[in-house]
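Participant: Here it is, the structure in full.
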Amino acid sequence: MTSFDTSPHLNAWRALLALAVVFVMLATTGWTAMRGHRGTTALQASLSAWDHGRLHKHRLPAPDAAPALLSRFFASLTAQDRSRLAHRYPLAVGNMNGAPVKLRYQANRIALRQARKVELRRMHDSRLTPAGQQDAGRRVNRYTALMAKGRQILAFDPGGTGRVAEVFGDLRRAERISVVVPGVDTDLFTFRRTHRPYSAPHGMAKSLYAAERTAAPGTRTAVIAWADYTAPSGLGVDAATAMRAEEGAVRLNRLLRGLPGTSPVSLFCHSYGSVVCGVAARGLPDRVSDVAVAASPGMRAAKVSHLRTSARVWAMRDATDWIQDVPYLELGGLGHGADPVSPAFGARVLSARSAKGHAGYFEPGTDSLTNFAGIGVGAYDSVRCAHDDDRCRADLSGTTTAGRA
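With the sequence shown counted from 1, adding 34 to any position gets you our numbering.
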């Protein structure tokens, strides 16, 4: 072999080519095709109306102001004025980090009812194609389900394929908060599934909430199913780059900084969601105590220290998960960096026994779900490591917050 054949440049291009080939192969063997997004005109219109609105002749604060400022603003209002704003600007208030949680639930219920009326009219609009009327019908069904009694919708955007976030438990009184960050093909239509429910954000979060209550019955917990970013559609260019992750990371950190109280927060990031969490890492608020990734294609970092977070970093991968076949590198913007379960990365590696493939990490009865629940409630001594030497629990005991990775 010549010296040219082994040059770093040629090897880099070979690796890049291999990465592209793998993504193309996976895209044609199980991941869905790219799909378009409609503009978020309804949300933008509500935000614009808020931005130009007034209450008792006083201007309203900027809708994207710091959550702490918005929290103080809403605290200064009467209950009647808060309700008036929710009815006047439902999408703006329902998606406003810093607004009271219960007010966001109320506003999103109003927004869902309004969006449902729009789609009911579209269902019977003769100017639409049959496909357009069918899309309207699907949206009516989704909106109706989200409006069901007892559901707590923390964020809702009907634009494009839709975004949504839902809370399980009492977020205001929770002593521990968990946030589930899902991966590709996540939108309004895939947020909840009847078939394989634990592969969808709603099922993931609901399963984790139940497991946390079993793990620590005396601890008040809340879990957020956070599908409030525009995830990649299938395994195309978006999934191979950090573009969607960078947008999602901004939205994730805004959510975290707007959460009520001061309770510890844990992130549970699945597949491309771990890319989002990796990009968000350096901007995470101090109350985020743990970041746990499963089925990760990489976190846009070579090692844990490069994430620049004080949170403990955990990683797991089931032996049958196809994600292990994705090249763990980043070249020319393609790929997401080192393998989070590799020793060199430095994460605390957990057992994922019985997860069965790429989408089974939140299935009841799996080591992965049990480990997630232990982290979520702070019971670190209960987690099961991937290796027999218990290295993943080094410098940890009970529910202490010391010894972060």
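We put the CB at the ideal spot given by N, CA and C, even for glycine.
Since we're looking at a predicted model, the values are computed, not measured.
1) At the level of alpha carbons, what is the spacing between M350 and R288?
2) Which residue wins for smallest C-alpha separation from T248, given the options L77, P398, A83, H92?
3) Here's the rule: buried if 16 or more other CB atoms are within 10 angstroms of the residue's CB, otherwise exposed. What is T400?
4) Identify which residue in H229, A259, T253 has its Cα closest to the Cα of S241.
5) What runs of the beta strand (DSSP E), each 3 residues or longer, lie entirely inside the region 205-251?
6) Residues bridged to I187 by DSSP?
7) Just to confirm, is the Cβ distance from L222 to G252 under 7 Å?
8) When DSSP labels each residue in this structure, what does V417 get in the three-state scheme?
9) Would you call the region 351-359 and the region 384-391 in contact, with 3 or more CB pairs under 8 Å?
10) What's the call for G366, buried or exposed, on a 16-neighbour Cβ count within 10 Å?
11) Since F406 is in the alpha helix (DSSP H), which residue starts that stretch and which ends it?
12) For A420, which residues of its own chain have a beta-carbon under 8 Å away from its beta-carbon, when the five flanking residues on both sides are left out?
13) Please classify L103 as buried or exposed, where buried requires at least 16 neighbouring CB atoms within 10 angstroms.
14) Would you tell me roughly how many angstroms separate the C-alpha atoms of P266 and D204, rounded to the nearest one?
15) Does the distance from the C-beta atom of R206 to that of P298 stay below 7 Å?
16) Among G371, M181, F302, whose alpha-carbon lies nearest the alpha-carbon of F406?
17) According to DSSP, D324 sits in a beta bridge with which residue or residues?
18) Can you tell me whether L137 sits near the ligand PLP, meaning its C-beta is under 6 Å from at least one heavy atom of the ligand?
19) Are V218 and A273 touching if we call contact CB-CB under 7 Å?
20) L341: which of A283, A141, G292, L368 sits nearest, CA to CA?
21) For the candidate residues T75, Q114, S82, whose alpha-carbon lies nearest to that of H90?
22) I'd like the span of the beta strand (DSSP E) that includes A259, first residue to last.
23) By the 10 Å Cβ neighbour count, where 16 or more other Cβ atoms means buried, how is P124 classified, buried or exposed?
24) May I ask which residues mark the beginning and end of the alpha helix (DSSP H) holding L365?
25) Can you tell me the Cα-Cα spacing of V310 and A261, whole angstroms?
26) Apply the 10 Å Cβ neighbour rule to G73 and answer buried if 16 or more other Cβ atoms are within range, or exposed otherwise.
27) Thinking C-alpha only, which one of T228, S402, R278, L137 is nearest A189?
28) Just verifying my parser: in three-state terms, what is the DSSP assignment at V383?
29) Can you look up A133 in the DSSP assignment and give me helix, strand or coil?
30) What number of angstroms, rounded off, separates the C-alpha of N453 from the C-alpha of Y395?
31) Quick one: what's got a C-beta closer than 7 Å to F107's C-beta in the same chain, skipping five residues either side?
32) Which residues in the same chain have their Cβ closer than 6 Å to the Cβ of D373, if we skip the five residues on either side of it in sequence?
33) Should A329 and S305 be called a contact, given that it needs their Cβ atoms to be closer than 7 Å?
34) Could you name the residues that DSSP lists as bridge partners for A335?
35) Straight-line CA distance for A170 to G307?
Facilitator: This is what the structure holds:
1) 26 Å
2) P398
3) buried
4) A259
5) 210-215
6) E200
7) no
8) coil
9) yes
10) exposed
11) 401-410
12) M350, V375, V383, L384, S385, A386, C426
13) exposed
14) 30 Å
15) no
16) F302
17) S300, R346
18) Among the components of this structure there are no ligands whatsoever, and the ligand PLP is therefore not found.
19) yes
20) A283
21) Q114
22) 255-261
23) buried
24) Element bounds for L365: n/a, residue is neither H nor E.
25) 12 Å
26) Because the pLDDT at G73 is just 44, under 50, the model does not fix this residue reliably, and the point stays unresolved.
27) L137
28) strand
29) strand
30) Outside the shown range of the chain, which is 35 to 439, sits residue 453, and nothing can be said about it.
31) P95
32) Y362
33) yes
34) G371
35) 28 Å
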